[in-house]
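Beneath this line is the structure, given in structure tokens, with notes to follow.
Numbering (my numbering), first residue to last: 24 to 289.
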């Protein structure tokens, strides 16, 4: 798997401490990476004791789960949410087999999996770009919360993370396309992609029918991306928008010193 760690001696988690004492770093490495090592082994080959130990380690509000969450350098979720819903953690990691175990076996404290649990896991798998885990969660009943779909949905999470394959899948999947092929939802996702300088996703969404708005134009005009790439995207947006207000984009371009973008907007 792509996420599986290697024995690279330059791995910062393996740096020796004073007196070559790297035990704390090794503990942190183990806490963060044991699920991904376990993913390499087919679940049918897991000894019963291994499955039970993994389930105990992922128990709701357990010290072990807290340590694993803390070991992540970057996470888009609230620690308190993941501490009470281990699916958030395993889905974000892309630990598909562990996610399946928590959903299907109902061992220990995970007997009652709610719709909210599944939907939150889907958001985090989308944010991290874990397609296999997304497939599993959708098959298990995860979906899009219609009440909060505009600003909190898998499409926006994937777009913000720059995961174009996930964006394409979510727009085309029968399980999600009806909820996500909505003007406000797609525009929110496009704004998120623009904020992350993910111009390829912006283009995909526009070609899919998403209306270009001032926020996206402003974000692109004030981007730090390579000038040629920036100008190409900006021209694309201008070609696909009629009568759009440019004042915000002009200010953003001037503030960033993107003078060719400024001239293009005039």
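The C-beta atom is built at its ideal place from N, Cα and C for all residues, glycine as well.
query: Neighbourhood of residue 234 by C-beta, 8 Å cutoff - its chain only, sequence neighbours within 5 removed; result: 206, 210, 264
query: Which of helix, strand or coil DSSP assigns to residue 110; result: helix
query: Straight-line gap, residue 136 to residue 104 (C-alpha atoms, nearest Å); result: 14 Å
query: Residue 127 and residue 163 closer than 9 Å at C-beta; result: yes
query: Residue 196 and residue 161 closer than 9 Å at C-beta; result: yes
query: Inter-residue spacing [alpha-carbon to alpha-carbon] between residue 186 and residue 71; result: 36 Å
query: CA-to-CA distance, residue 244 to residue 257, given in whole angstroms; result: 7 Å
query: Other residues of its chain near residue 120: CB distance less than 6 Å, five sequence neighbours each side excluded; result: 62, 66
query: Residue interval of the alpha helix (DSSP H) (run including residue 128); result: Taken as a continuous stretch (DSSP letters only), residue 128 belongs to no alpha helix (DSSP H), as it is neither H nor E.
query: Three-state secondary structure assigned by DSSP to residue 69; result: coil
query: C-beta contact flag for residue 174 and residue 147 at 9 Å; result: no
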